[in-house]
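Note sheet for the following structure.
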Amino acid sequence: MPELPEVETIKRELEEKLVAKKITDVIVNNPKVIREPQNKDFVNQLKGVTIRHILRKAKLLILELSNGKALTIHLKMTGQLIYPGTGKKSRVSFLLSDGKLLDFNDQRLFGELRVVDDWHKLRFIQSLGPELSTLSPKNFQKMLTGKNTRIKPLLMDQAFISGIGNLYAAESLFQARIRPDRAASNLSDKEKQALFFAIKRVLNEAIRCGGSSVDDYVRLSGKKGNYASKHKVYDRKGEPCLVCKTTIKRINLGGRGTYFCPKCQR
DNA sequence: AATGGGACCTGCGCGC
DNA sequence: TGCGCGCAGGTCCCAT
């Protein structure tokens with residue numbers, strides 16, 4: 001479930017550890033995670049190139065390379081990047097010029113590695129909406145007007161706002177005291193503003209904590225992030241609300257488990 | 001156009 | 001105990 005805070009955490013750690021290092025070899029243990037290019041070109045295009053810059057767009061990691069190409073990494077649900085790695089359970093390992101490995105692990109094989117000429121042209125990138133951090137509260141308010149769809153699936157719609165997934169949508173809506181099944185268009189201006197600041201606060205705090213380690217997510221070092229202990233509703237079905245002690249409910253919205261407090265959130 | 005559901009995968013936890 | 005099933009959720013794709 002890596003979302004914006006988890007990917008941002010890894011991005012910062014990669015930046016610190018990998019920039020200016022060279023990829024000297026690539027060990028492919030499971031080619032399934034390599035989406036582009038399909039053949040040996042993936043390895044050939046990476047061997048001997050230096051990692052110049054590391055970027056994050058929504059939940060996608062982008063490593064810009066000295067040959068003008070980019071290595072993009074999407075962790076999807078169970079992807080991990082570990083440095084220094086062991087190569088033991090990795091799907092793909094990158095041997096670096098310092099003699100250490102960068103491991104890409106991914107239990108469920110949903111993750112995606114690509115080498116592309118121009119990452120800006122990726123369809124995934126082209127379809128992304130803005131990140132909340134680039135918006136003003138007024139912008140955000142305007143974007144919500146006329147949207148009859150339910151607020152939680154809307155927040156998770158990467159074409160609308162990018163970076164937010166199931167966990168942070170739930171936590172942000174709790175902080176803003178808004179029920180996840182409300183129609184976006186019927187939120188008051190005050191609620192829209194509260195939501196804007198709640199998302200900002202939740203994402204920033206999660207980044208400060210190094211992300212939420214539920215399921216498989218770990219930081220680059222292999223250590224867990226610390227935000228999971230701060231969750232108010234996510235994965236707390238049947239437990240008492242930390243504010244009012246009402247039992248946290250779980251409903252299904254847009255095919256996703258959705259946690260909320262029926263009393264605090266209206 | 002918005003929404004729902006399935007597909008992609010694997011491991012875990014549940015109920016019987 | 002062991003088995004089968006549902007579930008976890010990011011993204012794409014198709015149907016309605």
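Residue 157 in my numbering is what sits at position 157 of the first sequence, and the numbering runs on without skipping anything.
We put the beta carbon where it would ideally sit given N, CA and C, even for glycine.
7 angstroms Cβ shell around residue i - same chain, five flanking residues per side excluded
i: Thr9; result: Ile207, Gly210, Gly211, Arg219 and Gly225
i: Ser97; result: Lys21, Lys22 and Thr24
i: Glu3; result: Lys59, Gly163, Ile164, Gly165, Leu167 and Tyr168
i: Glu15; result: Ile54
i: Lys11; result: Ile54, Arg56 and Leu61
i: Lys89; result: Asn105
Given residue i as reference, the closest of the options once Cα atoms are compared
i: His120; options: Arg56, Pro137, Gly257 and Arg91; result: Arg56
i: Leu135; options: Ile199, Phe42, Asp216 and Ile125; result: Ile199
i: Phe110; options: Val92, Met77 and Leu128; result: Met77
i: Asp181; options: Ile82, Cys261, Asp41 and Ala70; result: Cys261
i: Pro5; options: Gln141, Leu132, Leu195 and Arg179; result: Leu132
i: Arg35; options: Ser213, Arg177, Ile73 and Val243; result: Ile73
i: Glu171; options: Lys230, Leu113 and Ile161; result: Lys230
i: Val7; options: Ser213, Tyr234 and Gly238; result: Ser213
i: Asn139; options: Lys47, Lys69, Phe197 and Lys11; result: Phe197
i: Arg114; options: Lys69, Lys89, Tyr234 and Gly99; result: Lys69
i: Phe174; options: Ala228, Lys142 and Tyr234; result: Tyr234
Through-space distance from residue j to residue i, alpha-carbon basis
i: Gly79; j: Leu60; result: 12 angstroms
i: Thr258; j: Gln265; result: 13 angstroms
i: Leu122; j: Gly129; result: 14 angstroms
i: Val116; j: Lys40; result: 14 angstroms
i: Asn204; j: Lys147; result: 26 angstroms
i: Asp118; j: Ser66; result: 13 angstroms
i: Gly85; j: Arg201; result: 33 angstroms
i: Tyr217; j: Arg236; result: 18 angstroms
i: Pro37; j: Phe124; result: 16 angstroms
i: Arg108; j: Asn44; result: 26 angstroms
i: Pro137; j: Ala194; result: 9 angstroms
i: Gln141; j: Arg256; result: 25 angstroms
i: Arg179; j: Gly99; result: 51 angstroms
i: Glu13; j: Leu46; result: 21 angstroms
i: Ala176; j: Phe42; result: 45 angstroms
i: Asp215; j: Tyr227; result: 13 angstroms
i: Ile161; j: Gly238; result: 30 angstroms
Nonlocal neighbours in the same chain, by C-beta distance under 6 angstroms from residue i, ignoring five residues either side
i: Arg91; result: Asn29, Asn30, Val33, Phe104 and Asp106
i: Leu144; result: Ala184 and Lys192
i: Gly222; result: Ile82
i: Ser127; result: Ala159
i: Gly87; result: Ser93 and Leu101
i: Ile251; result: Thr258
i: Leu75; result: Pro2 and Gly111
i: Ile27; result: Ser93
i: Leu71; result: Leu63 and Val115
Contacting residues, own chain, Cβ-Cβ under 8 angstroms from residue i (five flanking each side not counted)
i: Gly254; result: Arg150, Lys152, Pro153 and Met156
i: Pro240; result: Thr246, Thr247 and Ile248
i: Leu18; result: Ile51, Ile54, Leu63, Tyr83, Leu96 and Leu102
i: Val243; result: Lys232, Cys261 and Cys264
The segment 34 to 52 in contact with the segment 179 to 196 per 3-pair CB rule at 8 angstroms: With a cut-off of 8 angstroms, the segment 179 to 196 and the segment 34 to 52 do not count as touching, because too few Cβ pairs lie within range.
Item checked: Unbroken stretches of the alpha helix (DSSP H), 4 residues or longer, contained in the segment 18 to 100 -> Entirely contained in the segment 18 to 100, the alpha helix (DSSP H) runs reaching 4 residues are, in chain order, 41 to 46.
Restricting to runs no shorter than 3 residues, where is the beta strand (DSSP E) found entirely within the segment 235 to 264? The qualifying runs are 249 to 253 and 256 to 260.
Run through the segment 180 to 229 for me and flag every whole beta strand (DSSP E) of 3 or more residues, listed as ranges in chain order. Along the segment 180 to 229, the beta strand (DSSP E) does not occur as any fully enclosed run of 3 or more residues.
Secondary structure, alpha helix (DSSP H): runs of 4+ residues fully inside the segment 125 to 152: Correct list: 137 to 144.
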